[in-house]
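Q: Read in order, the letters of the sequence shown are residues 1 to 273 in the UniProt record's numbering.
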Amino acid sequence: TTVGIDATVTSSTLGGRSVSFSQERTIETDLLSQFNSTETRPVEADQPLVSDPVIYINETRGAWDQENLTQSETPLNLAFDVYNPKPYPYTITKVGYTIRMNDVTVGEGETDRGYVLSPGQETTLEANTAIQNGNLDRWWVTHLQRNQRTDLYIDFYLVLEGGGEQFRVDLDAIDYQQEIQTDIFGNKAQYPTGNGTSAEPDNGSADESPDGDEETETPTPTPTETETDDGLLGGGESETETATPTETETESETATPTETATETETDDGGLLG
Numbered sequence: 001t002t003v004g005i006d007a008t009v010t011s012s013t014l015g016g017r018s019v020s021f022s023q024e025r026t027i028e029t030d031l032l033s034q035f036n037s038t039e040t041r042p043v044e045a046d047q048p049l050v051s052d053p054v055i056y057i058n059e060t061r062g063a064w065d066q067e068n069l070t071q072s073e074t075p076l077n078l079a080f081d082v083y084n085p086k087p088y089p090y091t092i093t094k095v096g097y098t099i100r101m102n103d104v105t106v107g108e109g110e111t112d113r114g115y116v117l118s119p120g121q122e123t124t125l126e127a128n129t130a131i132q133n134g135n136l137d138r139w140w141v142t143h144l145q146r147n148q149r150t151d152l153y154i155d156f157y158l159v160l161e162g163g164g165e166q167f168r169v170d171l172d173a174i175d176y177q178q179e180i181q182t183d184i185f186g187n188k189a190q191y192p193t194g195n196g197t198s199a200e201p202d203n204g205s206a207d208e209s210p211d212g213d214e215e216t217e218t219p220t221p222t223p224t225e226t227e228t229d230d231g232l233l234g235g236g237e238s239e240t241e242t243a244t245p246t247e248t249e250t251e252s253e254t255a256t257p258t259e260t261a262t263e264t265e266t267d268d269g270g271l272l273g
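1. So, at 7 Å on beta carbons, what are the nonlocal neighbours of P119 in its own chain, with the 5 sequence-adjacent residues on each side left out?
2. Quick check on G62: buried or exposed, where buried means 16 or more other Cβ atoms within 10 Å of its Cβ?
3. In or out: R149 buried (at least 16 other Cβ within 10 Å) or exposed?
4. For Y153 and H143, I'd like the C-alpha separation in whole angstroms.
5. What are the start and end residues of each continuous beta strand (DSSP E) run of 3 or more residues lying completely inside the segment 161–197, in chain order?
6. Report the option in I174, Y157, V141 whose CA atom is closest to the CA atom of T193.
7. Report the residue from E165, D46, Q145 whose alpha carbon sits nearest the alpha carbon of T182.
8. In chain order, which continuous runs of the alpha helix (DSSP H) of length 4 or greater are located wholly inside the segment 89–159?
9. What number of angstroms, rounded off, separates the C-alpha of M101 from the C-alpha of S12?
10. Just how far apart, CA to CA, sit G164 and V116?
11. Select from I99, Q47, L69, I184 the residue whose C-alpha is nearest the C-alpha of N147.
12. Could you check if Y56 belongs to the surroundings of the ligand PLP, using beta carbon to heavy atom distance under 7 Å?
13. Spatial neighbours of E108 within its chain, please: CB distance less than 6 Å, with the 5 preceding and 5 following residues excluded, ordered by chain position.
14. Starting from L78, trace the beta strand (DSSP E) in both directions and tell me its first and last residue.
15. Taking its Cβ as the centre, do 16 or more other Cβ atoms sit within 10 Å of V95, making it buried, or is it exposed?
16. Where do the ends of the beta strand (DSSP E) carrying N68 lie?
17. Assuming N128 contacts P75 (C-beta within less than 8 Å), just tell me the rounded distance between them.
18. For S12, which of helix, strand or coil comes out of DSSP?
19. To the nearest angstrom, how far is it from the Cα of V9 to the Cα of D137?
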């Protein structure tokens, strides 16, 4: 994905002057490579009349169906090689799936194509799934709330008929999970979003609360002088001026706040006059 940003900044302090800039970043994600596997995995039905495992999945494959990509959905072609270890055949009437991104369901459905799993034979099952693009707006909010991180889940199930029974089998052995992380502006570590910043403001307010109003009253004149000096002189003398109000707080003398207030009025007059 290529993300392009065109922005214009206008400043009233510069006489309404505007500055335009643009930025473009390419985001690459690999969502399906880990789904491709040749590992044999047993599938259990947990049914009283059928012994486990009911089938084995010998291989899984997945690819984007770019030819059928539309504005409304993003199709995925998934396939499983399934082995039937039983002495009798199975009939698969449905292959179902659910696609979730950060607990937002972005796609779900069932295939109506039926399959017959012959005893002792391997059969390829195809599951044509799709992400509904209309659901991606809700997902994108959660992606930013989690500091540009997404957990992708694809859950599968089969509906089997065999031995005179019909039952649903959850394919937990091949349920797919993938983490997606992005850094669109290239500064995620410096400016985290969502849950990435939720703890920091709480810690800051907790550290400042014990000092109460004393810090609020004293910095009132001091920041006025400090901000002016920092902006014009580079902040060389602001540390010395800050130390003086600290002693005033400790001594808590009446005369000292009076002098401080006098200095504040004089400074205000100097700044505003």
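Backbone N, C-alpha and C fix where the C-beta goes; we use that ideal spot for every residue, glycine too. Computed from a predicted structure; not experimentally measured.
A: A quick look at the data gives this:
1. In the sequence shown, the residue the question calls residue 119 occupies position 119. Cβ neighbours of P119 beyond the five flanking positions: N84, K86, P87, Y88, P89.
2. Counting from 1 along the sequence shown, the entry for residue 62 is found at position 62. It counts as buried.
3. Numbered from 1 along the sequence shown, position 149 holds the residue referred to as residue 149. Burial call: buried.
4. The sequence position of residue 153 within the sequence shown is 153, counting from 1. The sequence position of residue 143 within the sequence shown is 143, counting from 1. Approximately 14 Å between the Cα atoms of the pair.
5. 165–170, 176–181
6. As a working mapping, residue 193 is identified with position 193 in the sequence shown. Nearest option by C-alpha distance: V141.
7. Taking the sequence shown and counting its residues from 1, the one referred to as residue 182 is at position 182. Residue Q145 holds the alpha-carbon nearest to the alpha-carbon of T182 among E165, D46, Q145.
8. 136–145
9. Your numbering for residue 101 matches position 101 in the sequence shown. Your numbering for residue 12 matches position 12 in the sequence shown. Rounded to whole angstroms, M101 to S12 spans 43 Å at the Cα level.
10. Residue 164 sits at position 164 when you count from the first residue of the sequence shown. Residue 116 sits at position 116 when you count from the first residue of the sequence shown. In a straight line, the C-alpha of G164 is about 14 Å away from that of V116.
11. Numbered from its first residue, the sequence shown carries residue 147 at position 147. Comparing Cα-Cα distances from N147 to each of I99, Q47, L69, I184, the minimum goes to I184.
12. For the structure depicted, the ligand PLP is absent and the ligand set is empty, with no information on it obtainable.
13. By one-based count along the sequence shown, residue 108 stands at place 108. Result list for E108: T98, in chain order.
14. Residue mapping note: residue 78 aligns to position 78 of the sequence shown, counting from 1. Run containing L78: 73–83, per the beta strand (DSSP E) assignment.
15. Translated into positions along the sequence shown, residue 95 becomes position 95. Classification of V95: buried, given that the 10 Å Cβ count is 16 or more.
16. As a working note, residue 68 is residue 68 in the sequence shown. Per DSSP, N68 belongs to no beta strand (DSSP E) and is neither H nor E.
17. By one-based count along the sequence shown, residue 128 stands at place 128. By one-based count along the sequence shown, residue 75 stands at place 75. With a contact defined as Cβ atoms closer than 8 Å, N128 and P75 qualify at about 6 Å.
18. Sequence index remark: in the sequence shown, residue 12 carries index 12 (1-based). Three-state DSSP puts S12 in a helix.
19. For the purposes of this step, residue 9 is taken as the residue at position 9 of the sequence shown. For the purposes of this step, residue 137 is taken as the residue at position 137 of the sequence shown. The straight-line gap from Cα to Cα measures roughly 27 Å.
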